[in-house]
Amino acid sequence: MREELIKALELVLEGNWDEAHEIAQSKEGQAEYDRVHALLHRIEGDEWNARYWYNRCGIPFPKISTEEEAKMLLQQYHFL
């Protein structure tokens, strides 16, 4: 599981959002992937949808940049 999360976040940071989105959607319902899904919608500028996914994860809407969030998650998932 960890490898796919890391791959999705690396894709986010590379700007390959479509492939990252496919990974996140393939694991819908798993909180870590739903968090990546939320981040992707935030990057796309779809705040309503991003808020929906953050709410599903029980996480408040982040105040940090999307790049900072992606890097933070990448670091966090390396240590799962």
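If you read the sequence shown in this note's numbering, its first letter stands for residue 41, the second for the next number, and so on.
Glycine included, each C-beta is placed from N, C-alpha and C at the ideal position.
From a predicted model like this one, the values you see are computed outputs, not experimental measurements.
Exposed or buried, what is residue i when buried is set at 16 or more other beta-carbons lying within 10 Å of its beta-carbon?
i: R82; result: buried
i: H61; result: buried
i: A90; result: buried
Please identify the residue among the options whose C-alpha is closest to the C-alpha of residue i.
i: V52; options: R42, I104 and H77; result: H77
i: I104; options: C97, G98, L113 and R96; result: L113
i: A71; options: E54, E108 and I99; result: I99
Hey, quick one: how far does the alpha helix (DSSP H) through residue i stretch, first residue to last?
i: S66; result: W57 to S66
i: E87; result: E87 to C97
i: I83; result: A71 to I83
i: K103; result: Per DSSP, K103 belongs to no alpha helix (DSSP H) and is neither H nor E.
When the distance is taken between beta carbons, is residue j closer than 7 Å to residue i?
i: Y117; j: R42; result: yes
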